[in-house]
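Below is one structure, written out as structure tokens, with a few remarks after it.
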Amino acid sequence: MDPSFCSVFGGIRGVIYYELLKPNETITGDRYLLQLIRLSRALKKNGRNTAKTTKVILLHDNARPHVAKPVKRTWERCNGTFYLTAYPDIALQITTYSDLWHMA
């Protein structure tokens, strides 16, 4: 059985947006950019991006999809802020899990 992956975007109030990937599908710069756009829509739809919190802060590691030029340009146009972290376990932006741990 091929592993499946789930990209999860969350924050202090829990999961905001998630996307299940097909087996053997990876996150590229283009896919990550699309996920950020969908995250933005989810924030607007759920009312989590109100006037009090107009900025979304992503805590990133330096994985290639996270630092791709199209991603940076688009995010800067949206007035987003990137923070790089050396501690990916505390990053609130995206965590990819394998369903293999369910088989243990």
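Heads up, the sequence shown is in my numbering, so the first residue is 1 and it goes up one at a time.
For each residue, glycine too, the CB sits at the ideal point set by N, CA and C.
What you are looking at is a predicted structure, and each value in this text was computed from that prediction instead of being measured.
Asked                                                                                                                                                        : Found
With 16 other CB atoms within 10 Å as the buried threshold, where does residue 36 fall?                                                                      : buried
Should residue 12 go down as buried or exposed, given a rule of 16 or more other Cβ atoms within 10 Å for buried?                                            : exposed
Which class does residue 37 belong to by DSSP, given the choice of helix, strand or coil?                                                                    : helix
Return the first residue and the last residue of the beta strand (DSSP E) that residue 19 is part of.                                                        : 14 to 21
Can you pull the DSSP bridge partners for residue 117?                                                                                                       : No information on residue 117 is available, as it lies outside the stretch 1 to 104 that the chain covers here.
Can you name, in chain order, every residue of its own chain whose Cβ lies under 8 Å from the Cβ of residue 19, other than the five neighbours on each side? : 6, 7, 35 and 38
Measuring only the C-alpha atoms, how far is residue 28 from residue 45?                                                                                     : 25 Å
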